[in-house]
Amino acid sequence: MKSNSTLPPHIRTTELAIGYSGKAIMDGIDIGIDTGEIFFIIGGSGSGKSTLLKTLIGLIPPVSGDIYYGETEFSEDDPVEQSRILRDTGVLYQGGALFSSMTLRENVALPLRIHTKLSESEILALADYKLGLVELGKATQKYPHEISGGMMKRAGLARALALDPSILFFDEPSAGLDPLTSRQLDETILELNQSLGTTIIIVSHELESIFTLADRAVFLDAATRRQMEVGKPQTMKNESSHEKIRDFLNRRKTTSNPST
Amino acid sequence: MRRNHKNSKNCRSAIRGTWEAEKPKLSFSGCFTIHDPFAEIPEIPEAKKGQSEALFDGSEIDEWDSSLIIQLDRCRDAFSAKGFSTKLIGFPGSIETLLGRTDSTDESTPSSDGENFIHRLGGHGLEAWHGFCGFILFLGEMTQSVGRLIKGKAIFQRADLLHLLWDSTGKSIGIVFLISFLTGLILAFVGAIQLSQFGANIFVADLVSIAMFREMGAMMTGIILAGRTGSAFAAQIGSMKANDELNALQTMGISPFDFIVLPRLIALTLTLPVLAFLASLSGILGGLTVSVGFMDITMSQYLDKTSTSIALSSFLSGTMKSFVFGCIIALTGCFRGMGAGSSAESVGRAATSAVVTSIIWIIIADALFAVLFNLYGL
Chain B
3 MKSNSTLPPH IRTTELAIGY SGKAIMDGID IGIDTGEIFF IIGGSGSGKS TLLKTLIGLI
63 PPVSGDIYYG ETEFSEDDPV EQSRILRDTG VLYQGGALFS SMTLRENVAL PLRIHTKLSE
123 SEILALADYK LGLVELGKAT QKYPHEISGG MMKRAGLARA LALDPSILFF DEPSAGLDPL
183 TSRQLDETIL ELNQSLGTTI IIVSHELESI FTLADRAVFL DAATRRQMEV GKPQTMKNES
243 SHEKIRDFLN RRKTTSNPST
Chain G
24 MRRNHKNSKN CRSAIRGTWE AEKPKLSFSG CFTIHDPFAE IPEIPEAKKG QSEALFDGSE
84 IDEWDSSLII QLDRCRDAFS AKGFSTKLIG FPGSIETLLG RTDSTDESTP SSDGENFIHR
144 LGGHGLEAWH GFCGFILFLG EMTQSVGRLI KGKAIFQRAD LLHLLWDSTG KSIGIVFLIS
204 FLTGLILAFV GAIQLSQFGA NIFVADLVSI AMFREMGAMM TGIILAGRTG SAFAAQIGSM
264 KANDELNALQ TMGISPFDFI VLPRLIALTL TLPVLAFLAS LSGILGGLTV SVGFMDITMS
324 QYLDKTSTSI ALSSFLSGTM KSFVFGCIIA LTGCFRGMGA GSSAESVGRA ATSAVVTSII
384 WIIIADALFA VLFNLYGL
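Chains as they are written, first to last, in the working numbering: chain B, 3 to 262; chain G, 24 to 401.
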């Protein structure tokens, strides 16, 4: 399911400033992510991509500005609402962030045990199904240390999918994966988006993934500490008014003033 | 297609069967989400003559998520057991794709479930044997490392050593002082009850000073540092191993034993005797407090008796013990850290087992010392 402009944005930020300990590293972020859209957060190293992601999921409070999920404000002032929104959100961390003392099946079953009232056999059936979705159906009894990095990411994705979230966040999904595994993961992401209509937000600088998956992307610029442009990556690559973005997406070395 | 869980509170799921028509039909209605209980699958009659296909009708489904896939899969299995093929009508378009992913799960149970008592016992035995062999290898490497230190060829950072010295003395001194003071206090009270029966109150000074210098000073310091520093060594080295830092040292041509273990061994073997001596003094202070406060002994009497009771042999035996305890704590902490796996859990386990193993060996070593000193009349 691709972006649908008739619906209100699934996630929206207004004049958002992000950073640590009240000190902004990036401000003026105004983005609206549509329901069912695959949206990339891109930019050079140290531009605050991961910080923006962590702010959107409430791990870091915003320095200023607001975040809305649908019509609801996402703010730590309302922890009940925040936790309700987060239950409808799945996050895949860089290394998978699996619990090492649990098998893959137990990892995926954990959120179901806590947040649903289903019986044990139903929970296990759902957990196995989620692992099957990421092609780990044969490894449900394995522990995280027994599987490869790519499998850990997929298992992390299965856990993120456990509660059938309507929004999925990915932090550098391709990092540390070989091109084939990375492509496989991209295909899984696309399939999830198309079959379940999940809104997907990805932090990445993997150009191939950006061009294959992204409906739109926001480019964050470390030099000006502001968002530079939001748009379709292919259009930005060829027609962006910012040379820096064209260089980034064409993998060229920037030679002139970065803010132009 | 996406569901809104907030509005689905009163939405129940139901599966109804109609068997009379040419094609049996199963109608799904309501909400099939993970927040709703699974609907009961109706009893399916045997296929009548001419019946081979069953219809699943999903046109009355209000909300759904992967819960529907599992329930649909179960219904499909139930029907195929009765000899029916199934056809989906009125379901969302992507359901066939999602349903196709239900067959890839491995139903096998974990291999450990099939193990019996003998297997597990054997496993633990082998593990213990490998642990013992590993420790012998570790000691061998360590001896080589000490050899390099003596020859002046060991590579480590002096700043690391200074930091470790400060960490194991400066930061531990408060707790060592407090615990030893209280130990001296307890010894004095226990002694006072017995000795006062014979009018021999003044011998409390002998009891406390000899006990603190020969036994308790070194032992209490050893136990405190095993908990405080030994576990920290195991956790630090375990995390470094998980982060490939030990491999990095190896590939740079630096022995991890020289760089990591040696400074820790030096730090603890130097600081433990000093701390044990201070602990003994603190214990004597505890005894003094009780004697002066509760037993009508003057401070000068107590100190006089203490100074005559401490023989050089008591002081030396305490110092020797604390030196050995220092070696035990440093080696156990480092050995456990180096043997840790890469997961958070195994680093935690390494820290715990460093403390437990150190304390056990401290007590065993103390018992051996007691036997030896007794044999040689020290």
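C-beta: ideal position from N, C-alpha, C; glycine also. These figures come from a predicted structure and were not determined experimentally.
Same chain only: Cβ atoms within 6 Å of residue i, ignoring 5 sequence neighbours per side
i, result
"T342(G)", "P296"
"V199(G)", "T244, I247, L298, A302"
"G40(G)", "L49, P65"
"G359(G)", "Checking the sequence shown, residue 359(G) turns out to be Arg, not Gly. Taken in chain order, the residues that qualify are A257, A373, S376, A377."
"L187(B)", "P175"
"E208(B)", "S176"
Beta-carbon separation (whole angstroms), residue i vs residue j, contact threshold 8 Å
i, j, result
"R218(B)", "F41(B)", "6 Å"
"M154(B)", "G98(B)", "4 Å"
"I385(G)", "I246(G)", "7 Å"
"H12(B)", "T190(B)", "About 21 Å separates the two Cβ atoms, so there is no contact after all."
Distance, residue j Cα to residue i Cα
i, j, result
"P167(B)", "R89(B)", "7 Å"
"D319(G)", "I260(G)", "52 Å"
"L269(G)", "H186(G)", "19 Å"
"S75(G)", "L122(G)", "21 Å"
"L20(G)", "L133(B)", "The requested residue 20(G) is not part of the displayed model; chain G covers only 24 to 401."
"G371(G)", "E108(B)", "20 Å"
"Y95(B)", "S243(B)", "33 Å"
"A265(G)", "V231(G)", "46 Å"
"P248(B)", "S85(B)", "According to the sequence as given, residue 248(B) is Arg; it is not Pro. Those two C-alpha atoms are separated by around 39 Å."
"P181(B)", "D173(B)", "17 Å"
"K4(B)", "Q236(B)", "Reliability fails at K4(B), whose pLDDT of 42 lies under 50, so the model's placement of it is uncertain and the value that follows must be treated cautiously. When rounded, the distance between both Cα atoms is 16 Å."
"G316(G)", "I196(G)", "25 Å"
"L91(G)", "C357(G)", "53 Å"
"E245(B)", "D79(B)", "40 Å"
"T57(B)", "I33(B)", "13 Å"
Proximity test, Cβ basis, 9 Å: residue i and chain B
i, result
"L121(G)", "yes"
"H153(G)", "no"
"P68(G)", "no"
"S117(G)", "yes"
"F61(G)", "yes"
"I92(G)", "yes"
"R124(G)", "yes"
"H142(G)", "no"
"R26(G)", "Any reading at R26(G) needs caution, since the residue's pLDDT is 45, under 50, leaving its predicted position unreliable; the model's value is listed next. For R26(G), the answer is yes, since a Cβ of chain B falls inside 9 Å of its Cβ."
"S108(G)", "no"
"R99(G)", "no"
"D96(G)", "yes"
Residues near residue i in its chain [Cβ-Cβ closer than 8 Å; skip 5 each side]
i, result
"P286(G)", "F179, Q180, D183, L184, L187"
"N224(G)", "A215, L218, S314, M318, D319, I320"
"I233(G)", "S332, I333, S337"
"V65(B)", "A19, I20, G21, G24, K25, A26, D29"
"S366(G)", "A265"
9 Å Cβ cutoff, residue i in contact with chain G
i, result
"G233(B)", "no"
"G178(B)", "no"
"R185(B)", "no"
"L120(B)", "yes"
"P81(B)", "no"
"Q84(B)", "no"
"S197(B)", "yes"
"P146(B)", "yes"
"K132(B)", "yes"
"L222(B)", "no"
"E75(B)", "no"
"E39(B)", "no"
"L58(B)", "no"
"D166(B)", "yes"
"L128(B)", "yes"
"L163(B)", "yes"
Same chain, Cβ closer than 7 Å to residue i, neighbours up to 5 away in sequence not counted
i, result
"T192(G)", "T294, V297, L298"
"A241(G)", "A299, G341, K344, S345, F348"
"D281(G)", "S168, R171, A177, I178, F179"
The ligand GDP heavy atom lying under 8 Å from the CB of residue i
i, result
"A177(B)", "Questions concerning the ligand GDP fall outside what the structure shown contains, since it holds no ligand whatsoever."
Practice task
Could you run through the stretch 356-385 of chain G and flag, in chain order, every residue whose CB is less than 9 Å away from some CB of chain B?
Solution key: Residues G364, S365, S366, A367, E368, S369.
Problem - Within 7 Å of chain B by C-beta, residues of the stretch 292-318 of chain G in sequence order - result: For chain B, none of the residues of the stretch 292-318 of chain G brings a beta carbon within less than 7 Å of one of its beta carbons.
Exercise for the section: Select from the stretch 100-116 of chain B all residues with a C-beta closer than 9 Å to any C-beta belonging to chain G, and list them in chain order. Expected result: Identification of residues in the stretch 100-116 of chain B having a C-beta nearer than 9 Å to some C-beta of chain G yields F101, S102, S103, T105, L114, given in sequence order.
Practice task
Taking only beta carbons into account, state which residues of the stretch 195-210 of chain G come closer than 8 Å to chain B, listed in chain order.
Solution key: If the cut-off is 8 Å between Cβ atoms, the stretch 195-210 of chain G has nothing near chain B.
Handout entry: Cβ-based contacts, 7 Å cut-off: residues of the stretch 152-186 of chain G near chain B
Key = Cβ contacts with chain B: none found.
Exercise for the section: Closer than 8 Å, Cβ to Cβ, to anything on chain B: give me those residues from the stretch 75-88 of chain G, in chain order. Expected result: Flagged, chain order: D88.
Practice task
Using a Cβ-Cβ cut-off of less than 8 Å, give me the residues of the stretch 37-62 of chain G that come near chain B, in sequence order.
Solution key: Per Cβ criterion, the list reads T56, I57, H58, P60, F61.
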